[in-house]
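Novice: Starting off with a structure, shown below.
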Amino acid sequence: MKPLICCLLAIATLTACTAETNTTRPMQNEKTELATVGGGCFWCTEALFQMLPGVKSVVSGYSGGQVENPTYEQVCSGKTGHAEVIQVAFDPAKVSYEKIIETFWEAHDPTTLNRQGNDVGTQYRSIILYNSDAQKAVAEKSKAEAQKKFPSPIVTEIVPLKTFYVGEDYHQNYYRSNPNQSYCRAIIRPKVEKFEKKLKSEKK
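Below, the structure written as structure tokens:
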């Protein structure tokens with residue numbers, strides 16, 4: 078599989094940011110901020126956030142666990158403690174962190190513990206990893222507001238971001254690169270089409 082050049086550049090940029098301390102920091106660009114969230118399979122969340130205006134790039138990876146430099150197979154075992162997450166680079170002048178988190182609630186079911194549909198395991202848990210007190214406050218406030226829309230309790234973790242590990246190349250830009258793959262057709266495409274309609278309605 079061949080990820081698009083833009084994804085490779087995004088991976089290189091994020092890797093450079095983490096090379097010294099192995100922890101992800103906001104990019105050294107006042108017009109770019111980072112948000113890190115996990116809502117089940119990262120193929121799904123990546124596809125939706127790539128559509129959101131103001132988003133510059135989306136990188137799939139792993140965070141929230143104890144094992145350094147985990148592989149996809151290790152994360153899938155459920156033994157690393159990591160969740161499948163995406164790191165979203167966005168222009169705060171075009172889209173706010175509040176909107177990023179609002180989209181996060183819409184992108185998955187935050188009331189199902191350690192699962193999204195048929196994807197089951199701690200690696201598929203709902204999680205927001207904040208990189209500042211300001212992001213933490215926004216996430217907690219947004220969670221309280223979102224709870225009013227769900228009949229069941231939201232189980233989303235809100236924790237500080239320690240380390241973000243970039244996923245393997247073939248996971249990047251997965252839906253756009255593999256639109257006819259069975260999982261993409263059955264699971265991701267309906268979500269993409271629904272979100273696309275919502276974005277169009279917001280423009281009216």
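Residue numbers (this note's numbering): 78 to 281.
For glycine and all other residues, C-beta sits at the position ideal for the given N, C-alpha and C.
Determine which residues share a DSSP beta bridge with residue 242 and list them.
Specialist: Looking up residue 242 in the sequence shown gives position 165. Looking at the DSSP assignment, residue 242 forms a beta bridge with 139.
Novice: Distance, Cα to Cα, residue 259 vs residue 218?
Specialist: Looking up residue 259 in the sequence shown gives position 182. Looking up residue 218 in the sequence shown gives position 141. When rounded, the distance between both Cα atoms is 37 Å.
Novice: If you measure between the beta carbons of residue 209 and residue 231, is that distance less than 9 Å?
Specialist: The residue given as residue 209 occupies position 132 in the sequence shown. The residue given as residue 231 occupies position 154 in the sequence shown. Against a cut-off of 9 Å, the Cβ pair of residue 231 and residue 209 comes out as no contact.
Novice: Look up residue 231 in the DSSP assignment and give the residues it is bridged to.
Specialist: Numbered from 1 along the sequence shown, position 154 holds the residue referred to as residue 231. Paired residue(s): none; residue 231 is not in a bridge.
Novice: Helix, strand or coil: how does DSSP classify residue 192 here?
Specialist: Residue numbering aside, residue 192 sits at position 115 when the sequence shown is read from its first letter. It is a strand residue.
Novice: Does the separation of the CB atoms of residue 140 and residue 239 fall below 9 Å?
Specialist: Within the sequence shown, the letter at position 63 stands for residue 140. Within the sequence shown, the letter at position 162 stands for residue 239. Cβ atoms of residue 140 and residue 239: closer than 9 Å.
Novice: Could you please give the first and the last residue of the uninterrupted alpha helix (DSSP H) stretch that includes residue 161?
Specialist: Taking the sequence shown and counting its residues from 1, one reaches residue 161 at position 84. That residue, residue 161, is in no alpha helix (DSSP H); its beta strand (DSSP E) goes 160–167.
Novice: Whole angstroms is fine: what's the gap from residue 234's alpha carbon to residue 186's?
Specialist: In the sequence shown, the residue the question calls residue 234 occupies position 157. In the sequence shown, the residue the question calls residue 186 occupies position 109. For residue 234 and residue 186, the distance between alpha carbons rounds to 13 Å.
Novice: Rounded C-beta distance between residue 200 and residue 263? I'm assuming under 8 Å.
Specialist: Position 123 of the sequence shown holds residue 200. Position 186 of the sequence shown holds residue 263. Contact doesn't hold; Cβ gap of about 20 Å is too wide.
Novice: Using a threshold of 9 Å, state whether the C-beta atoms of residue 193 and residue 142 are closer than that.
Specialist: In the sequence shown, counting from the first residue as 1, residue 193 sits at position 116. In the sequence shown, counting from the first residue as 1, residue 142 sits at position 65. It is not a contact, given that the beta carbons lie outside the stated cut-off.
Novice: Give the straight-line distance between the Cα atoms of residue 129 and residue 276, rounded to the nearest whole angstrom.
Specialist: Locating residue 129 in the sequence shown gives position 52, counting from the first residue. Locating residue 276 in the sequence shown gives position 199, counting from the first residue. Taking the straight line from one Cα to the other gives about 8 Å.
Novice: Taking 8 Å as the cut-off, does the CB of residue 182 come closer than this to any heavy atom belonging to the ligand MG?
Specialist: As for the ligand MG, it is missing from this structure, which has no ligand bound.
Novice: Out of 274, 248, 267 and 254, which one is the CA nearest neighbour of residue 148?
Specialist: Walking along the sequence shown from the start, residue 148 turns up at place 71. The shortest Cα separation from residue 148 among 274, 248, 267 and 254 belongs to 248.
Novice: Please classify residue 279 as buried or exposed, where buried requires at least 16 neighbouring CB atoms within 10 angstroms.
Specialist: Looking up residue 279 in the sequence shown gives position 202. Exposed is the call here.
Novice: Helix, strand or coil: how does DSSP classify residue 277 here?
Specialist: If you number the sequence shown from 1, residue 277 lands on position 200. In the structure shown, residue 277 sits in a helix (DSSP, three-state: H, G or I).
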